[in-house]
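To keep things clear, I will list the structure first and then write my remarks on it.
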Amino acid sequence: MLEQVVERMQKELQSKAFDGSLKFDCGDEGVVVLADGTASQQDRDADCTIKITQDNLIKLLTGKLNPMTGVMTGKLKVSGDMSVAMKLGKLLG
7 MLEQVVERMQ KELQSKAFDG SLKFDCGDEG VVVLADGTAS QQDRDADCTI
57 KITQDNLIKL LTGKLNPMTG VMTGKLKVSG DMSVAMKLGK LLG
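Counting from 7, one number per residue, gives the positions in the sequence shown under our numbering.
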């Protein structure tokens, strides 16, 4: 499932600029890291980390989970540089 997320994010990164690095940390299910114009499942430090379940990550990326609602309800937790997380909307929009 995360492989599909990486593929989708890689396509988005090819057509849109994204500064900084962002990690979706899905716990035991793995990670998705956006950095240096690429998306991968290779774990590394990032400017911003979003802790989220794999299911909620899919909902977030498909527009079924509003980021603010996710934060308010505890479905996702953001740590690090919040401005990087805010750029995610432009990447997905």
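Yeah, the Cβ is synthetic: ideal placement off N, Cα and C, and Gly gets one too.
- Taken in chain order, the complete beta strand (DSSP E) segments of 3 residues or longer contained in the stretch 13-97 are 28-31, 37-41, 44-46, 54-58 and 82-86.
- In the assembly as shown, K81 is a buried residue. Its beta-carbon has 16 or more other beta-carbons within 10 Å.
- Its Cα nearest to that of G36, the residue M7 stands out among M7, A52 and D25.
- Between the C-alpha atoms of K70 and V77 there is a straight-line separation of about 14 Å.
- A residue is called buried when at least 16 other Cβ atoms come within 10 angstroms of its Cβ; T55 meets this threshold and is buried.
- Rounded to whole angstroms, the gap between the alpha carbons of R50 and T75 is 27 Å.
- Shortest Cα-Cα distance from D34 to any of A91, I58 and T79 involves I58.
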